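Read the structure below first, then the notes.
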Amino acid sequence: MDEANTFGNTFEKALEYALVKHKGQYRKFSNIPYLWHPISVAKNVEQNKTSKNLELLLTAAILHDTVEDCEEVTIEEIAKIFGYKVAALVDELTSDKDQIEIMGKTEYLKQKMEKMSSYALVLKLSDRLDNIIDIAQRPKEFQEKYTKETIEIIKHLESCGRKLSETHKKLILKIKTSFFNQKLVKDVVTLEMM
32 MDEANTFGNT FEKALEYALV KHKGQYRKFS NIPYLWHPIS VAKNVEQNKT SKNLELLLTA
92 AILHDTVEDC EEVTIEEIAK IFGYKVAALV DELTSDKDQI EIMGKTEYLK QKMEKMSSYA
152 LVLKLSDRLD NIIDIAQRPK EFQEKYTKET IEIIKHLESC GRKLSETHKK LILKIKTSFF
212 NQKLVKDVVT LEMM
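The opening residue of the sequence shown carries number 32 in our numbering; numbering runs sequentially from there.
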């Protein structure tokens, strides 16, 4: 059997795994345990994506930062424990720090997200949505940098010719609306230009 899992308890197993791997990590600029972020990303996916592969997506959402942020976690380990499909999505969501150094983070993410699979883009947009949902409470410099980066990425996704699904469009609209509601964009005209 190709997959190391038969879905049913995979999501719970991913939660347990992420709890151990993210132990001692906290959200940037807060004392909130880091695990709340992947749980929120999974919640965003569940609320916005209808799919027969929902458990696959939710499992990948829970694990999406483990390779990038946790020591000694590899794609190979994710594949062994959770199966190839989960590992492939986590791999798509894992940033290449060397390429970010060369290209700059915004350009790197624009190109990466343009080429992502449809499922990976749902996960990445759900991740962005969670990261900006309360950004107005973060330090001003971080707010401005992350807001600008996200706006540039969204503009690129909407203009690069990539096919965007209804779910992608819905998540993009929620990101834009969150910026507007937090007064990070000045008016509806600015929101429409994003």
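Where a beta carbon is used, it is the ideal one built from N, C-alpha and C, also for glycine. Everything numeric in this text was worked out from a predicted model, so none of it was measured.
Bridge partners of residue 57, per DSSP?
64
Residues near residue 190 by beta carbon distance below 6 Å, same chain, minus five either side
Within the same chain, no Cβ atom closer than 6 Å to the Cβ of residue 190 is found once the five residues on either side in sequence are excluded.
Have a look at residue 194 and residue 155 and give me their C-alpha separation to the nearest angstrom.
Annotation: residue 194 to residue 155 spans about 15 Å, alpha carbon to alpha carbon.
Output the boundary residues of the alpha helix (DSSP H) element that contains residue 213.
Careful: residue 213 lies outside any alpha helix (DSSP H) and carries neither H nor E.
Helix, strand or coil for residue 69 per DSSP?
When secondary structure is reduced to three states using DSSP, residue 69 falls in the helix class.
Inter-residue spacing [alpha-carbon to alpha-carbon] between residue 38 and residue 113:
Low per-residue confidence applies at residue 38: pLDDT is 46, beneath 50, and the placement is therefore not dependable enough to give any value.
Taking only the alpha-carbon atoms, compute the straight-line gap between residue 284 and residue 57 and give it to the nearest angstrom.
With the chain running from 32 to 225 in the structure shown, residue 284 is simply not present.
Check whether the Cβ atoms of residue 160 and residue 126 sit closer than 8 Å, and answer yes or no.
no
One question on the structure: do residue 20 and residue 177 come within less than 8 Å of each other, judged by their Cβ atoms?
Past the boundaries of the shown model lies residue 20; the chain is included only from 32 to 225, so the question cannot be answered.
Do the stretch 118-136 and the stretch 47-57 touch if we need at least three Cβ pairs shorter than 8 Å?
no
To the nearest angstrom, report how far apart residue 79 and residue 138 are at their CA atoms.
26 Å
Determine whether the beta carbon atoms of residue 76 and residue 89 lie at a separation below 8 Å.
For residue 76 and residue 89, yes; Cβs fall inside 8 Å.
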